[in-house]
Amino acid sequence: MVAVHDGGGSGRRPPAPAPPPDGAQAHTIDVEPHMIPELAATFAEQAEILSKEIDRARRDLKIHKPWLGDPVSVEAARLFNKHFTDDALSLVNVLTQLVGEYKAHREALMAAAKRYNMTEHTNAALLERGLSL
Numbered sequence: 001m002v003a004v005h006d007g008g009g010s011g012r013r014p015p016a017p018a019p020p021p022d023g024a025q026a027h028t029i030d031v032e033p034h035m036i037p038e039l040a041a042t043f044a045e046q047a048e049i050l051s052k053e054i055d056r057a058r059r060d061l062k063i064h065k066p067w068l069g070d071p072v073s074v075e076a077a078r079l080f081n082k083h084f085t086d087d088a089l090s091l092v093n094v095l096t097q098l099v100g101e102y103k104a105h106r107e108a109l110m111a112a113a114k115r116y117n118m119t120e121h122t123n124a125a126l127l128e129r130g131l132s133l
């Protein structure tokens with residue numbers, strides 16, 4: 001999952017995120033606070049576009065009836081379906097996992113935006129009352 005640093009001007013960085021599961025690499029991006037909602041919307045938009053393509057691929061790529069019905073065609077159809085639709089690491093399933101990651105990134109970005117806005121609101125209220133931070 002992408003870790004988001006808000007760049008809110010405190011000069012401090014949050015602690016590094018926990019390592020990702022299954023040996024995947026974590027990536028950190030710096031995002032200006034005012035750009036967080038736009039970036040989150042981009043992840044949501046791409047997830048929606050990709051979901052539609054996955055639905056189409058799931059429907060159109062699956063071979064239901066082997067071409068000639070002979071053993072070679074049956075095996076070819078089985079392997080084709082395995083690689084494109086059926087296996088855990090098939091094209092369709094890997095892309096479905098990617099959509100899940102896009103959605104998780106969007107949620108992380110929206111949570112970061114909410115935290116940033118709460119901090120800014122608190123800081124503004126403290127400054128308004130004349131209290132030092």
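Be aware that the sequence shown starts at 1, since it is given in my numbering, and climbs by one per residue.
Every residue, glycine too, gets a C-beta built ideally from N, C-alpha and C.
Judged by DSSP secondary structure, D30 falls within the beta strand (DSSP E) whose first and last residues are 28-30. Exposed is the label assigned to H64, since fewer than 16 other Cβ atoms lie within 10 Å of its Cβ. When rounded, the separation of the alpha-carbon atoms in T85 and L79 is 10 Å. Secondary structure at Q25: coil, using DSSP grouped into helix, strand and coil. For I54, the enclosing alpha helix (DSSP H) begins and ends at 36-61. In the same chain as N81, and ignoring 5 residues on each side of it, the C-beta atoms closer than 7 Å to its own belong to K62, I63, in chain order. The alpha-carbon of S73 is positioned some 47 Å away from that of T28.
Distance from the CA atom of D30 to the CA atom of A108, rounded to whole angstroms, is 13 Å.
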